[in-house]
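Visitor: Just dropping this structure here.
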Amino acid sequence: MAITEVREVLIEASRDDVMDVLLDLESLTEWSGAHQEIEILERDAEGRPS
């Protein structure tokens with residue numbers, strides 16, 4: 457049996473600010489209890505995790 461859940465959240469920030477937070481994986485463990493440790497194996501030419 458498949459379960460589907462949909463949520464909508466209004467974030468009062470610019471797209472660039474949201475992407476900056478999402479791509480800052482080094483701080484992920486500080487704000488996400490589901491993540492205890494991260495390791496970035498590769499980055500693109502702009503230094504973003506890839």
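Residue numbers (this note's numbering): 457 to 506.
The C-beta atom is built at its ideal place from N, Cα and C for all residues, glycine as well.
Given the structure is predicted, the values throughout are model-derived calculations rather than measurements.
1. For Glu493, which residues from the same chain have a beta carbon less than 8 angstroms from its beta carbon, with the 5 sequence-adjacent residues on both sides left out?
2. Quick check on this structure: which residue in Ile459, Thr460, Val474 has the alpha carbon closest to the alpha carbon of Leu466?
3. Under a three-way DSSP split, which group does Arg471 fall into?
4. Give the range of the alpha helix (DSSP H) segment to which Leu466 is assigned.
Guide: Looking at the atomic coordinates:
1. Thr485
2. Val474
3. helix
4. Neither: Leu466 is in no alpha helix (DSSP H) and is coded neither H nor E.
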